[in-house]
Amino acid sequence: MGRDVLLEMKGIVKNFPGVRALRGVDFTVAKGEVHALMGENGAGKSTLIKALTGIYQKDEGTIRFDGKEINPRTAVEAQREGISTIYQELNLVPFQTVYENMYLGREPRNAFGGVDRKKMITETKVILNDLGIHVDVTVPLQKYGTAVQQMVAIGRAISVNAKLVIMDEPTSSLDTKEVQVLFDVIRKLKARGIAVIFISHRLDEIFEICERVTILKDGALSGEVGIEEIDQLKLISYMIGGEAKKLERTKAGYKLQDAPEIARMEKIEQGLRLNGIGIDIKKGEVLGLAGLLGSGRTELAKVLFGATQPDKGDILWMDEKVHFKTPKDSIKKGIGFCTEDRKVEGIIPHLSVKENMTIAMLPQISKYGVVSKKKQSEIVDEYIKRLKIKTPSPNQAIRNLSGGNQQKVLLARWLCMNPKLVIMDEPTRGIDVGAKGEIEALIQELAGNGISVLMISSEMAELERNCDRVVVMREGRSLGQLYGEEINQDAIMAMIAAAAGELEKEGGFNE
Amino acid sequence: MSSAVRTKEDTIATLKHYSAFILLGVMLLLNLFITPNFFRVGTLWNIVTQTCTIILTGMGMTAVISTGGIDISVGAVMALAGIISAKLLDSVGLVPAILIAVLFCCVSGVIAGFMVGRLKVQAMVVTLALLIGVRGVAQLVNDAKIFYLTGDRAEVYKKLGTAKIGGVIPIQVILIIAAVAVTWFILEKTMLGRHIQAVGDNSRSAMLAGISATKTLMFVYIYSAAFAAFAGIVATAKIGAADGNSLGLLAELDAIAAVAVGGTSMSGGRAKVFGTVVGALIMQLINITVNMNNITYEYAQVFKAIIIVFAVYIQRDKAA
Numbered sequence: 001m002g003r004d005v006l007l008e009m010k011g012i013v014k015n016f017p018g019v020r021a022l023r024g025v026d027f028t029v030a031k032g033e034v035h036a037l038m039g040e041n042g043a044g045k046s047t048l049i050k051a052l053t054g055i056y057q058k059d060e061g062t063i064r065f066d067g068k069e070i071n072p073r074t075a076v077e078a079q080r081e082g083i084s085t086i087y088q089e090l091n092l093v094p095f096q097t098v099y100e101n102m103y104l105g106r107e108p109r110n111a112f113g114g115v116d117r118k119k120m121i122t123e124t125k126v127i128l129n130d131l132g133i134h135v136d137v138t139v140p141l142q143k144y145g146t147a148v149q150q151m152v153a154i155g156r157a158i159s160v161n162a163k164l165v166i167m168d169e170p171t172s173s174l175d176t177k178e179v180q181v182l183f184d185v186i187r188k189l190k191a192r193g194i195a196v197i198f199i200s201h202r203l204d205e206i207f208e209i210c211e212r213v214t215i216l217k218d219g220a221l222s223g224e225v226g227i228e229e230i231d232q233l234k235l236i237s238y239m240i241g242g243e244a245k246k247l248e249r250t251k252a253g254y255k256l257q258d259a260p261e262i263a264r265m266e267k268i269e270q271g272l273r274l275n276g277i278g279i280d281i282k283k284g285e286v287l288g289l290a291g292l293l294g295s296g297r298t299e300l301a302k303v304l305f306g307a308t309q310p311d312k313g314d315i316l317w318m319d320e321k322v323h324f325k326t327p328k329d330s331i332k333k334g335i336g337f338c339t340e341d342r343k344v345e346g347i348i349p350h351l352s353v354k355e356n357m358t359i360a361m362l363p364q365i366s367k368y369g370v371v372s373k374k375k376q377s378e379i380v381d382e383y384i385k386r387l388k389i390k391t392p393s394p395n396q397a398i399r400n401l402s403g404g405n406q407q408k409v410l411l412a413r414w415l416c417m418n419p420k421l422v423i424m425d426e427p428t429r430g431i432d433v434g435a436k437g438e439i440e441a442l443i444q445e446l447a448g449n450g451i452s453v454l455m456i457s458s459e460m461a462e463l464e465r466n467c468d469r470v471v472v473m474r475e476g477r478s479l480g481q482l483y484g485e486e487i488n489q490d491a492i493m494a495m496i497a498a499a500a501g502e503l504e505k506e507g508g509f510n511e
Numbered sequence: 512m513s514s515a516v517r518t519k520e521d522t523i524a525t526l527k528h529y530s531a532f533i534l535l536g537v538m539l540l541l542n543l544f545i546t547p548n549f550f551r552v553g554t555l556w557n558i559v560t561q562t563c564t565i566i567l568t569g570m571g572m573t574a575v576i577s578t579g580g581i582d583i584s585v586g587a588v589m590a591l592a593g594i595i596s597a598k599l600l601d602s603v604g605l606v607p608a609i610l611i612a613v614l615f616c617c618v619s620g621v622i623a624g625f626m627v628g629r630l631k632v633q634a635m636v637v638t639l640a641l642l643i644g645v646r647g648v649a650q651l652v653n654d655a656k657i658f659y660l661t662g663d664r665a666e667v668y669k670k671l672g673t674a675k676i677g678g679v680i681p682i683q684v685i686l687i688i689a690a691v692a693v694t695w696f697i698l699e700k701t702m703l704g705r706h707i708q709a710v711g712d713n714s715r716s717a718m719l720a721g722i723s724a725t726k727t728l729m730f731v732y733i734y735s736a737a738f739a740a741f742a743g744i745v746a747t748a749k750i751g752a753a754d755g756n757s758l759g760l761l762a763e764l765d766a767i768a769a770v771a772v773g774g775t776s777m778s779g780g781r782a783k784v785f786g787t788v789v790g791a792l793i794m795q796l797i798n799i800t801v802n803m804n805n806i807t808y809e810y811a812q813v814f815k816a817i818i819i820v821f822a823v824y825i826q827r828d829k830a831a
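If you read the sequences in order, they're chains A and B. Anchor point for the first sequence: position 415 equals 415 in my numbering, and the numbering is continuous, going up by one each time. If you count the second sequence from 1, you need to add 511 to reach my numbering.
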């Protein structure tokens, strides 16, 4: 191959309590190479990076960097070896000047032992000019946008003699022009022989700037290829494809043409995340939102639930225009939302299963603000039985339950309210196969009872099995819909991949 | 843990759960041996009487800390309530004087609740500002002078701090029982109580379950101010004078310590109402133990410090 190898990670294994986050991953980066690291949420990208930069300690495997084996225990150690990371949230001091940030923690001294500001200023200028950045280095960093701040972080990395720069989602908060500036800088790094690991979920960017791509899936290597060898479709299939289909689709055709509409969203815009998307959901329908990470699925669901506000656009609930200021409003109308991140946005960890399950329905089972113990227990007992929730007692703190059982409690939180629409964001993430089957059966049961389900899933097969209709999304837009048996992984991936050029013509994701 | 097998972890968890009670028991036992005349009725009532203000302020503090906040203005609010009620006593009568004083103090709670709940300012900073400001107002009310309670109405007022029911049980016992019962009822039996603990445990989840954090926070700070006001009035009645400068000084620290020792997490979540009561008793028991054994008071402070750190250490949440 003739690649001059800089970094070679071999057989990296990392275990967390209950999960094997990395199952023997190999990852190689050559000198001066721009290498993309791809994968969906939970694929192990960030764990791999953290194992490399000393934030986590790997359990097995070896890391060779620049000809010798390394074993960094802290980020500082990794940096000393020549590995620098530019994080999403930049760890700079915004109210200090550009040059102070450049030399943060390693300020040069003058003859009197004081800080040599002159040297800092001139050298900062040189470093940034070399990257093609021309700014006043003596003003506070916060005067400049995210892009310049990023350049300063990169400049910092180079000036400590980095041989490898890791960029974690560097473009997530940049506009189109700024992305080009960043790419110019990356090309300059490459020209100097500095390698870059580029993490992004924007496919177009990967194809523009990267030479090689390594794809992870479920903690294992899914593929490693040169960028010219593949197209977007192939890349997507590396990320999400090849899943074993143990569960089967249970219903045939699309029969909801005449069902009444329960909710409709029109021309929803929100920052750069949602770009005029509209969807409609019918009574008793399981509507899927398909798309890659960052396509705006969760953001759209949150707008519908009133958890965030759109900049523009309308929401109609049963043909009536509504404005959900907070989730409280939408819950009143009969919407429930099982969030993607159970820990952060779902469970109330120290409270009991009983309290977690009934937290949203308290107004209905309380008289003068006092909770009826009897009604509460009846409901909790019923749903523990119905959803087969495994807990030693309803009074057990929810954090002591397994992920699958926590998820069932959260589902019960909404089901006990007799909702009209339940939004489920990645309902089976981090759940074992058994519980997965139970939850999918439950979704069908709900739809059978006339409850609508808005389902978000990164697992195409899951959408294929459960949805009556799927809206395919990319960069906050709807690319089209698939009905009944049309829904399948290949069709969805083809739609996402085909949209690449189209969106570019419109200015892509950046307006 | 109904039918499950008891493991070592369960035993430790149970011990942790009752650690404040165990600590109190150990201290009582210790006193039985080292302190002469400790288990005389007079001594016990003494402890209760003196713990009253800590428990009253501690009840409000338990609710506030359960939401993940803190209220360090309670001492200043005590002073404000004491001085206002004492000053108004002669002109408007006892009950109106107390009501006006409590309402005035609730304004402080409204400010705190609005700033923390609505404007999302840090509770520590907001209540620090109130600590300074409210104390200032309390001093201004009577030109920073002590206001002595005299006259017929004053005699009735003083009963609030000195009366003994049936000639035996101090009135403070009734106040403590009432305050604890109300707080326990709110936190354990009502919707509001669930909301308070949910907001403190995971405010994002709570919001997504349709709970208004603003309203919940508003309530707890008003609740805390109202209880601080009652504590200030009881303290004034007991002393027979209101001093805007010194009344309730550092009372916030005792209240926070009682809550912490009682097992409510400083980062919010589960509220331990009875834990706070036990925590307050422990704090006061240290004072009395030291006092009755003729040890200088400074040692009491050192012991308190050790107990606080120890109690919080054994109750710490390893998973967090």
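Think of the CB as a built atom: it goes at the ideal place given N, C-alpha and C, for glycine as much as any other residue.
**Message:** Can you confirm whether methionine 702 of chain B, when its beta carbon is compared against all beta carbons of chain A, has any partner nearer than 8 angstroms?
**Reply:** The residue you call residue 702 of chain B lines up with position 191 of the second sequence. True, the Cβ-Cβ gap to chain A drops below 8 angstroms.
**Request:** Name, in chain order, the residues that DSSP records as bridge partners for glutamate 266 of chain A.
**Result:** As a working note, residue 266 of chain A is residue 266 in the first sequence. DSSP output for glutamate 266 of chain A lists A:Asp314 as bridge partner(s).
**Request:** Within its chain, find whatever has a CB closer than 7 angstroms to the CB of valine 789 of chain B; leave out the 5 residues flanking it on each side and keep chain order.
**Result:** What you label residue 789 of chain B is simply residue 278 of the second sequence in a count that begins at 1. So the qualifying residues of the chain are Ala531, Phe532, Leu535, Gly773.
**Request:** Give a yes or no on whether 8 angstroms exceeds the smallest Cβ distance from valine 409 of chain A to chain B.
**Result:** As a working note, residue 409 of chain A is residue 409 in the first sequence. Taking Cβ atoms only, chain B never reaches closer than 8 angstroms to valine 409 of chain A, which makes this a no.
**Prompt:** Taking the continuous beta strand (DSSP E) assigned at methionine 473 of chain A, which residues delimit it?
**Reply:** The count along the first sequence starts at 1 and reaches residue 473 of chain A at position 473. Start and end: 469-474.
**Message:** Using only the alpha-carbon positions, how far apart do methionine 460 of chain A and glutamate 426 of chain A sit?
**Reply:** As a position in the first sequence, residue 460 of chain A is number 460, starting the count at 1. As a position in the first sequence, residue 426 of chain A is number 426, starting the count at 1. So the alpha carbons of these two residues sit roughly 11 angstroms apart.
**Message:** Let me see if you follow: with CB-CB separation under 8 angstroms, is leucine 671 of chain B close to chain A or not?
**Reply:** Here residue 671 of chain B refers to the residue found at position 160 of the second sequence. Not closer than 8 angstroms to any Cβ of chain A, the Cβ of leucine 671 of chain B fails to qualify, so no.
**Request:** Kindly indicate if chain B contains any beta-carbon less than 8 angstroms away from that of glutamate 355 of chain A.
**Result:** In the first sequence, residue 355 of chain A corresponds to position 355, counting from 1. Interface residue, yes.
**Cutoff 8 angstroms: valine 370 of chain A Cβ touching any chain B Cβ** = As a working note, residue 370 of chain A is residue 370 in the first sequence. Taking 8 angstroms as the threshold, the shortest C-beta distance from valine 370 of chain A to chain B falls below it.
**Request:** Spell out whether any CB of chain B is found under 8 angstroms from the CB atom of isoleucine 331 of chain A.
**Result:** Looking up residue 331 of chain A in the first sequence gives position 331. Yes, isoleucine 331 of chain A counts as interfacial toward chain B.
**Request:** With DSSP as the reference, label histidine 35 of chain A as helix, strand or coil.
**Result:** As a working note, residue 35 of chain A is residue 35 in the first sequence. In this structure, histidine 35 of chain A counts as strand in the three-state DSSP scheme.
**Asked** Taking contact to mean at least 3 C-beta pairs separated by less than 8 angstroms, is the stretch 558-566 of chain B in contact with the stretch 791-806 of chain B?
**Response** yes
**Asked** Over what stretch of residues does the alpha helix (DSSP H) that includes glutamine 406 of chain A continue unbroken?
**Response** Along the first sequence, read from residue 1 onward, the residue named residue 406 of chain A stands at position 406. Note, glutamine 406 of chain A: alpha helix (DSSP H), 403-415.
**Asked** methionine 167 of chain A bridges to which residues according to DSSP?
**Response** Start at 1 with the first residue of the first sequence, and residue 167 of chain A comes out as number 167. In DSSP, methionine 167 of chain A forms a bridge with A:Ile86, A:Phe198.
**Request:** Can you tell me which of B:Ser723, B:Asn805, B:Leu686, B:Lys527 puts its alpha carbon nearest to the alpha carbon of glycine 704 of chain B?
**Result:** Your numbering for residue 704 of chain B matches position 193 in the second sequence. Minimum Cα distance to glycine 704 of chain B is reached at B:Ser723.
**Request:** Kindly say whether phenylalanine 337 of chain A, judged by its beta-carbon, lies nearer than 8 angstroms to any beta-carbon of chain B.
**Result:** On the first sequence, residue 337 of chain A is found 337 positions in, with the first residue counted as 1. Yes, phenylalanine 337 of chain A lies at the interface with chain B (some Cβ there is under 8 angstroms from its Cβ).
**Request:** Tell me, please, whether the CB atom of glutamate 345 of chain A is closer than 8 angstroms to any CB atom in chain B?
**Result:** Within the first sequence, the letter at position 345 stands for residue 345 of chain A. Yes, glutamate 345 of chain A counts as interfacial toward chain B.
**Asked** Which one or two residues does DSSP pair with cysteine 338 of chain A in a beta bridge?
**Response** Working through the first sequence from its first residue, we reach residue 338 of chain A at position 338. A:Met424, per the DSSP bridge assignment.
**Prompt:** Could you check where the beta strand (DSSP E) with aspartate 204 of chain A kicks off and where it finishes?
**Reply:** Locating residue 204 of chain A in the first sequence gives position 204, where the first residue counts as 1. Looking at the DSSP string, aspartate 204 of chain A is not in any beta strand (DSSP E); the run it does join, the alpha helix (DSSP H), is 203-209.
**Request:** With distances taken Cα to Cα, identify the nearest neighbour of lysine 302 of chain A among A:Ile230, A:Phe198, A:Ile268.
**Result:** Taking the first sequence and counting its residues from 1, the one referred to as residue 302 of chain A is at position 302. Here the closest residue by C-alpha is A:Ile268.
**Prompt:** What is the DSSP secondary structure of valine 137 of chain A, counted as helix, strand or coil?
**Reply:** Position 137 of the first sequence, counted from the first residue, corresponds to residue 137 of chain A. Here valine 137 of chain A sits in coil by DSSP.
**Request:** Measure the CB-CB distance between lysine 217 of chain A and valine 34 of chain A and report whether it falls below 8 angstroms.
**Result:** Here residue 217 of chain A refers to the residue found at position 217 of the first sequence. Here residue 34 of chain A refers to the residue found at position 34 of the first sequence. Not in contact: lysine 217 of chain A and valine 34 of chain A (Cβ atoms no closer than 8 angstroms).
**Request:** Would you check if there are 3 or more beta carbon pairs closer than 8 angstroms linking the stretch 77-86 of chain A to the stretch 110-126 of chain A?
**Result:** no
**Prompt:** On the three-state DSSP scale, how would you describe glutamine 481 of chain A?
**Reply:** As a working note, residue 481 of chain A is residue 481 in the first sequence. Note: glutamine 481 of chain A maps to strand in three-state DSSP.
**Message:** My output table needs one value for tyrosine 254 of chain A: the three-state DSSP class, helix, strand or coil.
**Reply:** Position 254 of the first sequence holds residue 254 of chain A. Tyrosine 254 of chain A falls in the coil class under three-state DSSP.
**Request:** Take alanine 737 of chain B as the anchor and find which of B:Met794, B:Lys527, B:Gly786, B:Ser584 has the nearest alpha-carbon.
**Result:** Taking the second sequence and counting its residues from 1, one reaches residue 737 of chain B at position 226. Checked all of B:Met794, B:Lys527, B:Gly786, B:Ser584; the closest Cα to alanine 737 of chain B is B:Ser584.
**Message:** Which residue wins for smallest C-alpha separation from isoleucine 384 of chain A, given the options A:Gln96, A:Lys367, A:Leu410?
**Reply:** As a working mapping, residue 384 of chain A is identified with position 384 in the first sequence. Nearest C-alpha to isoleucine 384 of chain A: A:Leu410.
**Asked** What are the uninterrupted segments assigned as beta strand (DSSP E) that are 3 or more residues long and contained completely in the stretch 749-786 of chain B, given in chain order?
**Response** 752-754
**Prompt:** Just reading off the beta strand (DSSP E) that methionine 361 of chain A is part of, what are its end residues?
**Reply:** Your numbering for residue 361 of chain A matches position 361 in the first sequence. Here methionine 361 of chain A belongs to no beta strand (DSSP E), and DSSP marks it neither H nor E.
**Item:** alanine 220 of chain A and valine 25 of chain A closer than 8 angstroms at C-beta
**Value:** On the first sequence, residue 220 of chain A is found 220 positions in, with the first residue counted as 1. On the first sequence, residue 25 of chain A is found 25 positions in, with the first residue counted as 1. In this structure, valine 25 of chain A lies closer than 8 angstroms to alanine 220 of chain A by Cβ.
**Request:** Could you name the residues of chain A that glutamine 840 of chain B contacts, counting a contact when the two beta carbons are closer than 7 angstroms?
**Result:** The structure shown does not extend to residue 840 of chain B, since chain B spans only 512 to 831, so no value can be given for it.
**Message:** If we define contact as Cβ-Cβ less than 8 angstroms, is aspartate 712 of chain B a contact residue for chain A?
**Reply:** What you label residue 712 of chain B is simply residue 201 of the second sequence in a count that begins at 1. The beta carbon of aspartate 712 of chain B falls within 8 angstroms of a beta carbon belonging to chain A, placing the residue at that interface.
**Message:** Quick test of your reading: leucine 605 of chain B and tyrosine 668 of chain B, contact by CB under 8 angstroms. State the CB separation rounded to the nearest angstrom.
**Reply:** Looking up residue 605 of chain B in the second sequence gives position 94. Looking up residue 668 of chain B in the second sequence gives position 157. The Cβ separation is near 6 angstroms, so the contact holds.
**Request:** Note down, in chain order, each residue of its chain lying with its Cβ closer than 7 angstroms to the Cβ of isoleucine 70 of chain A, except the 5 sequence neighbours on either side.
**Result:** Sequence index remark: in the first sequence, residue 70 of chain A carries index 70 (1-based). Closer than 7 angstroms at the Cβ level, and outside the excluded window around isoleucine 70 of chain A, lie Ile63, Glu81.
**With 16 other Cβ atoms within 10 Å as the buried cut-off, status of aspartate 136 of chain A** = Start at 1 with the first residue of the first sequence, and residue 136 of chain A comes out as number 136. Here aspartate 136 of chain A is exposed, its C-beta having fewer than 16 other C-beta atoms within 10 Å.
**Message:** Using the Cβ count rule (16 or more neighbours within 10 Å means buried), how would you classify proline 392 of chain A?
**Reply:** Mapped onto the first sequence, residue 392 of chain A falls at position 392. By the neighbour-count criterion, in which a residue is buried when 16 or more other Cβ atoms sit within 10 angstroms of its Cβ, proline 392 of chain A is exposed.
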